[in-house]
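Just below is one structure, and these are the notes that go with it.
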Ligand code: SF4
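Residue numbers (our numbering): 33 to 529.
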């Protein structure tokens, strides 16, 4: 349990000065954010200080990162205990930030004196980029995303096989009504803490999303992420389809693919079929806008794929022509044979060989998931908690002399000015995020560097403590997540490359 210095008390209430709200807290009560409490006159950080451990009993190798329930608690066995890394989760915040960060810990790593500056930063400028693996239409680009009727973000440009949301940001947190700020802050914190959040897109879908889980769109759980766009799917499976059918149409809101016209079909000598597609032809065998975006076949509105076909060209098509129509996930498919009038007739029986190819398309789809990346800018004041000359910290990060992590997870630092970080919340310890009612998000951030570099950039040397002193206060110990690796590894640093 981390104790905070109490600087003033009135009528038995102690004042928390960890954020601009400056709560007075009675004994046994917590402050407005529930992060700090008064315990017998002492101001304590309620959530446990969390350390990561490189487990010595696994030969120093990283171990799998499981859910909280699955995480192994540290056995307390000093012989096998590995090197600790003090994360900022539960470390506390200092305000205003000219004060040194709550923990500035030193330890030797491979014979080098290192220092990690640990703080829970207050981020007014922050948000989350949410990737939803689905082709289904969730709403028009730039449409507002609402929680409890309040705008908390918007639909942004889609990525390959995924729809994207931008949630939070300073305009929703502080630029709208008080309720908008409060709801945005709460939704953002819950998303980042890997909790489920229900949302409604203006002119679009009802979403129920949780990081690391399949998205639920209009009440239906998405299971598969498409194997590729319609054109890519034709390219991937053309060889298999060649001997089974005369034509294949892969229905896709993005690019609908047509085997006989596609370059893959040409190279495999597949004969023209006289098929006509209602859509905008991009290049041979690749069509845009065959239908409106929706939640039907291939992320379109259609439920009957024949709706995207015109009449077959009677000079080329022939009765008995075999055609497979399939969506990009293989969830929808139909096998048709042209009758005497060149009208496609749906066959109730799918030949086993074709069924196999449909299954291969489905098998090649990855599980549809929701991914949440927290994005925040470490402001000038947060950096002042690290060094008395904040711009030197920025330079040190850009020069790869300082490694930035969030809860021990590697943070991608954006190029350009400032320290704008982006981190996958799935790699962070659970409940890493909090809030203050200003409103702003509280997120853990650690800066690790050589002690000599820290001194050179004007660090708060007087506040450096040995790591053991911080570890004494830790109440939660978790193994280093396998996917994020050891935060102090030399490859993070220019000098270790
Ligand atoms: S809101 Fe939380 S951090 Fe801010 S002063 Fe109150 S208890 Fe402290």
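Where a beta carbon is used, it is the ideal one built from N, C-alpha and C, also for glycine.
Please list, in chain order, all residues of the same chain as residue i whose beta carbon is under 6 Å from its beta carbon, the five residues on each side excluded.
i: residue 319; result: 288, 309, 311, 313
i: residue 96; result: The predicted position of residue 96 is uncertain, since its pLDDT is 38 and thus under 50; a value taken from the coordinates is nonetheless stated next. Closer than 6 Å at Cβ, skipping near neighbours: 514.
i: residue 170; result: 195, 233, 236, 237
i: residue 231; result: 177, 179, 239
i: residue 491; result: 419
i: residue 518; result: 86, 512
i: residue 296; result: 266, 267, 270
i: residue 403; result: 163
i: residue 191; result: none
For residue i, report the span of its alpha helix (DSSP H) as first-last.
i: residue 81; result: Taken as a continuous stretch (DSSP letters only), residue 81 belongs to no alpha helix (DSSP H), as it is neither H nor E.
i: residue 33; result: Note, residue 33: premise wrong, no alpha helix (DSSP H); not H, not E.
i: residue 217; result: 210-224
i: residue 499; result: 499-503
i: residue 484; result: 483-488
i: residue 426; result: 422-430
i: residue 274; result: 262-274
i: residue 419; result: Run containing residue 419: none; DSSP gives neither H nor E here.
In its own chain, which residues sit with a C-beta less than 8 Å from the C-beta of residue i, not counting the 5 before and 5 after it?
i: residue 377; result: 368, 369, 370, 371
i: residue 494; result: 132
i: residue 398; result: 165, 256, 257
i: residue 352; result: 369, 370
i: residue 228; result: 222, 240, 241, 242, 245
Pull up the distance between the alpha-carbon of residue i and that of residue j, whole angstroms please.
i: residue 279; j: residue 174; result: 38 Å
i: residue 107; j: residue 507; result: In this predicted model, residue 107 has a pLDDT of only 40, less than 50, meaning its place in the structure is not dependable enough to derive any value.
i: residue 301; j: residue 273; result: 12 Å
i: residue 423; j: residue 445; result: 15 Å
i: residue 441; j: residue 524; result: 12 Å
i: residue 189; j: residue 266; result: 25 Å
i: residue 164; j: residue 65; result: 30 Å
i: residue 85; j: residue 488; result: 28 Å
i: residue 401; j: residue 142; result: 38 Å
i: residue 381; j: residue 366; result: 10 Å
i: residue 42; j: residue 75; result: 14 Å
i: residue 40; j: residue 73; result: 11 Å
i: residue 159; j: residue 80; result: 24 Å
i: residue 447; j: residue 335; result: 45 Å
i: residue 149; j: residue 480; result: 6 Å
i: residue 6; j: residue 224; result: The requested residue 6 is not part of the displayed model; the chain covers only 33 to 529.
i: residue 286; j: residue 167; result: 9 Å
i: residue 437; j: residue 50; result: 21 Å
i: residue 417; j: residue 33; result: 21 Å
i: residue 476; j: residue 47; result: 23 Å
i: residue 211; j: residue 316; result: 52 Å
i: residue 203; j: residue 391; result: 46 Å
i: residue 499; j: residue 120; result: 13 Å
i: residue 345; j: residue 226; result: 54 Å
i: residue 482; j: residue 427; result: 15 Å
i: residue 484; j: residue 325; result: 57 Å
Can you name, in chain order, every residue of its own chain whose Cβ lies under 7 Å from the Cβ of residue i, other than the five neighbours on each side?
i: residue 338; result: 376
i: residue 161; result: 196, 198, 405, 407
i: residue 431; result: 526
i: residue 502; result: 118, 135, 137
i: residue 496; result: 136, 138, 147
i: residue 282; result: 262, 265, 266, 288, 289, 358, 360
i: residue 78; result: 62, 66, 67, 68, 69
i: residue 386; result: 276, 277, 356, 367
What are the residues that DSSP puts in a beta bridge with residue i?
i: residue 398; result: 257
i: residue 165; result: 194
i: residue 232; result: 178, 238
i: residue 458; result: DSSP lists no partner for residue 458.
i: residue 139; result: 146
i: residue 516; result: Answer is none; residue 516 lacks a bridge partner.
i: residue 188; result: 196
i: residue 10; result: The structure shown does not extend to residue 10, since the chain is modelled only from 33 through 529, so no value can be given for it.
i: residue 510; result: 84
i: residue 452; result: 409
Ends of the beta strand (DSSP E) at residue i?
i: residue 298; result: Where residue 298 is concerned, there is no enclosing beta strand (DSSP E), although the alpha helix (DSSP H) it sits in stretches over 295-299.
i: residue 466; result: 466-468
i: residue 357; result: 354-359
i: residue 288; result: 288-290
**Study point:** Touch test, the segment 446-453 against the segment 402-416, Cβ-Cβ under 8 Å, three pairs minimum
**Key:** yes
Practice item. Decide if the segment 188-197 is in contact with the segment 130-138; the criterion is three or more beta carbon pairs, one per stretch, under 8 Å apart. Key: no
Review point. Counting by C-beta, which residues lie closer than 6 Å to a heavy atom of ligand 2, in chain order?
Key: Looking for ligand 2 in the displayed structure turns up nothing; the ligands present are ligand 1.
Check your understanding: Does the count of Cβ pairs from the segment 181-190 and the segment 211-219 closer than 8 Å reach three?
Key -> yes
Review point. Are the segment 147-157 and the segment 470-489 touching, with three or more C-beta to C-beta distances below 8 Å?
Key: yes
Practice item. Give a yes or no on contact between the segment 251-258 and the segment 356-363, applying the rule of three or more CB pairs nearer than 8 Å. Key: yes
**Study point:** Cβ contact check for the segment 455-466 and the segment 49-62: 3 or more pairs under 8 Å
**Key:** no
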